[in-house]
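Encoded as structure tokens, the structure appears first; notes follow it.
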Amino acid sequence: MRKHIKKLGYPTLNPSQCTFSGIGRDRVESKGYFKNFITIQITALPAKIHAINDATNPLDAIIGIDFLQQTEFTFVRDGILIFRDVDECKNNDVLITLANRFDEQQCKLDLPHISNSKIRNDVEQLVSSYKPKKIYDTDLKNTILFSDDIPVSQRSHRLPFVEQKIVENQIQEWVNANIIKPSCSDYAAPIVLCKKKNGEHRLCVNYRNLNRKMIKDKFPLPFIEEVLDKLENSKVYTSLDLKNGSFHVPMDPNSTKYTSFVTHEGQYEFLRVSFGLSNSPSVFQRFIYTVFQKLIRDNILIVYMDDLLIPSQNEEEGLNKLRLVLQTAADFGLEVKVKKCNFLQRKIEFLGYIIENGTIKPSPSKTQAVQNFPQPQTPRQLHSCKGLISYFRKFISNYTRIAKPLSDLLRDNGKFLNWALQK
Numbered sequence: 075m076r077k078h079i080k081k082l083g084y085p086t087l088n089p090s091q092c093t094f095s096g097i098g099r100d101r102v103e104s105k106g107y108f109k110n111f112i113t114i115q116i117t118a119l120p121a122k123i124h125a126i127n128d129a130t131n132p133l134d135a136i137i138g139i140d141f142l143q144q145t146e147f148t149f150v151r152d153g154i155l156i157f158r159d160v161d162e163c164k165n166n167d168v169l170i171t172l173a174n175r176f177d178e179q180q181c182k183l184d185l186p187h188i189s190n191s192k193i194r195n196d197v198e199q200l201v202s203s204y205k206p207k208k209i210y211d212t213d214l215k216n217t218i219l220f221s222d223d224i225p226v227s228q229r230s231h232r233l234p235f236v237e238q239k240i241v242e243n244q245i246q247e248w249v250n251a252n253i254i255k256p257s258c259s260d261y262a263a264p265i266v267l268c269k270k271k272n273g274e275h276r277l278c279v280n281y282r283n284l285n286r287k288m289i290k291d292k293f294p295l296p297f298i299e300e301v302l303d304k305l306e307n308s309k310v311y312t313s314l315d316l317k318n319g320s321f322h323v324p325m326d327p328n329s330t331k332y333t334s335f336v337t338h339e340g341q342y343e344f345l346r347v348s349f350g351l352s353n354s355p356s357v358f359q360r361f362i363y364t365v366f367q368k369l370i371r372d373n374i375l376i377v378y379m380d381d382l383l384i385p386s387q388n389e390e391e392g393l394n395k396l397r398l399v400l401q402t403a404a405d406f407g408l409e410v411k412v413k414k415c416n417f418l419q420r421k422i423e424f425l426g427y428i429i430e431n432g433t434i435k436p437s438p439s440k441t442q443a444v445q446n447f448p449q450p451q452t453p454r455q456l457h458s459c460k461g462l463i464s465y466f467r468k469f470i471s472n473y474t475r476i477a478k479p480l481s482d483l484l485r486d487n488g489k490f491l492n493w494a495l496q497k
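Each number in this note's numbering corresponds to the 1-based position in the sequence shown with 74 added.
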């Protein structure tokens, strides 16, 4: 912030309580603002300029929609093109390109926990220079097979106006990324907007009826206990989170019609694997194993779906392993969510467990979920409760004996009703 303010003659900052979001989804606080003019060739436009911390943004400036609305502009592949007036816009007389694509790898990493400064710098350089190249391909495709040939079709659900806009934006993003395309399939599933922990929405497709008749992929998911057993002798951990998980895997062209879904403005089908299909976890696990098979076999990398963990004895070993993993990921064109990654940590959360210095214990957030679970009123609720508790069975002495009364209730519905009435 300081070097850019200096260029403008250290203008006085007015107090501001504004926060900004959008790039990387994080919220950034304004340190204050001042008013000035931004000149585009010979046209000076008024602007309210906010100052933010250098560490929160790798770019010199971000142009907001409030400024753009004073101009005629259009979005193009390489950024935003601004015009002097409407006539110039019609004549396609471009003046200037202001906006460039934001690269998540430009985000400054927070690595004070890495004691060796050379290793810390090497990690920063390794991550900032990461760029998917897709030199190799797995040739895997998701082929959908059914137990019958009867199409499954459902109408779309009515959505409030605000949610319609969220859906429209997501659909446009997927179309632009070649993840979906317009469809005229006999199959159609409704969409569902699910709210995430951070308040944002995830667009999902309800394939429940389709999944009932789908022949399941037999590729096994690893047992979590076996995954955790491989971490007992490690002391330094790196976790990587892949962006757009199952979208890395293409659909078989003959199967895309089965993934069709409907919205308030049309019908589309997936060109990449949708996470709502019952086969998606197994298909994606097969893909990940194919990409990283040598690193997994050599105990350099542990994978469970799109969660990747690199266990190491020390920081130097962790750096060398990270270099191998990122090289392989780049060669297969995998994108990484840098902000959700943890590099060379001594303590880390993985698959609902806290791992530190070779010891493994349940995450407090998960045990809190058990403590806050409401008293079951139906067999289905009791089954869910028992399943949640059994996730931590290895930490509960005599678990089978303690859980036996609950198992007995599930076997005898009459006994459950009597128990529920007594409670």
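Idealized CB from N, CA, C, for every residue including glycine.
None of the values given here were measured: they were computed from a predicted structure.
Next item on the list: With DSSP collapsed to three states, give me the class of residue 460.
Entry: helix
Notebook entry, point to check: Can you pull the DSSP bridge partners for residue 385?
Noted result: 311
Next item on the list: Just tell me which of 102, 435 and 443 has its CA closest to the CA of residue 299.
Entry: 435
Item checked: Uninterrupted beta strand (DSSP E) stretches inside the stretch 388-452 (no shorter than 3 residues) -> 416-419, 421-424, 427-430 and 433-436
Check: Does the distance from the C-beta atom of residue 230 to that of residue 331 stay below 9 Å?
Finding: no
Checklist line | Close beta carbons around residue 457, own chain, < 7 Å, minus the five adjacent residues each side | finding: 484
Margin query: By alpha-carbon positions, which one of 282, 341, 386 and 278 ends up nearest to residue 310?
Written below: 386
Item checked: Alpha carbon of residue 480 to alpha carbon of residue 313, nearest angstrom -> 36 Å
Item checked: Bridge-paired residues (DSSP) for residue 378 -> 381
Margin query: Less than 6 Å between C-beta atoms, sequence neighbours within five positions excluded: which residues of the same chain meet that for residue 283?
Written below: 226
Check: Contact between the stretch 422-432 and the stretch 401-414: three or more CB pairs below 8 Å?
Finding: no
Margin query: By the three-class DSSP mapping on this structure, what secondary structure does residue 285 have?
Written below: helix
Note to self: For the structure I just gave you, are there three or more beta carbon pairs, one from the stretch 377-393 and one from the stretch 344-361, closer than 8 Å?
What the structure shows: yes
Item checked: Beta-bridge pairing of residue 106 - partner residues as DSSP gives them -> 125
Checklist line | the ligand FAD heavy atom lying under 8 Å from the CB of residue 354 | finding: In the structure shown, the ligand FAD is absent, as is every other ligand, since no ligand is present at all.
Note to self: To test your reading of the DSSP string, which unbroken beta strand (DSSP E) runs of 3 or more residues are found completely within the stretch 235-286?
What the structure shows: 254-256, 263-269 and 275-279
Note to self: Given a cut-off of 9 Å on the beta-carbon distance, is the pair residue 278 and residue 220 in contact?
What the structure shows: no
Next item on the list: Return the bridge partner residues of residue 328 from the DSSP annotation.
Entry: Residue 328 is not bridged to any residue.
Check: Can you tell which of 344, 124 and 449 has its C-alpha closest to the C-alpha of residue 320?
Finding: 344
Checklist line | Range of the contiguous beta strand (DSSP E) that encloses residue 365 | finding: Segment 354-371 is the alpha helix (DSSP H) holding residue 365; no beta strand (DSSP E) there.
Note to self: Check for me: the alpha helix (DSSP H) holding residue 301 runs from which residue to which?
What the structure shows: 298-303
Next item on the list: Quick one: residues in its chain with C-beta nearer than 8 Å to the C-beta of residue 365, no 5 flanking neighbours on either side, listed in chain order?
Entry: 212, 402, 403, 406 and 408
Checklist line | Expected contact under 8 Å - CB spacing of residue 201 and residue 214 to nearest Å | finding: Not quite, the Cβ-Cβ distance comes to about 27 Å (not below 8 Å), so this is no contact.
Margin query: Going by DSSP in three states, residue 479 sits in which element: helix, strand or coil?
Written below: helix
Check: Would you say residue 291 and residue 194 are within 9 Å of each other, going by their C-beta atoms?
Finding: no
Notebook entry, point to check: residue 323 lies in the beta strand (DSSP E); which residues open and close that run?
Noted result: That residue, residue 323, is in no beta strand (DSSP E); it is neither H nor E in DSSP.
Check: Which residues bound the alpha helix (DSSP H) around residue 198?
Finding: 191-202
Note to self: Per DSSP, what are the beta-bridge partners of residue 119 in this structure?
What the structure shows: 112
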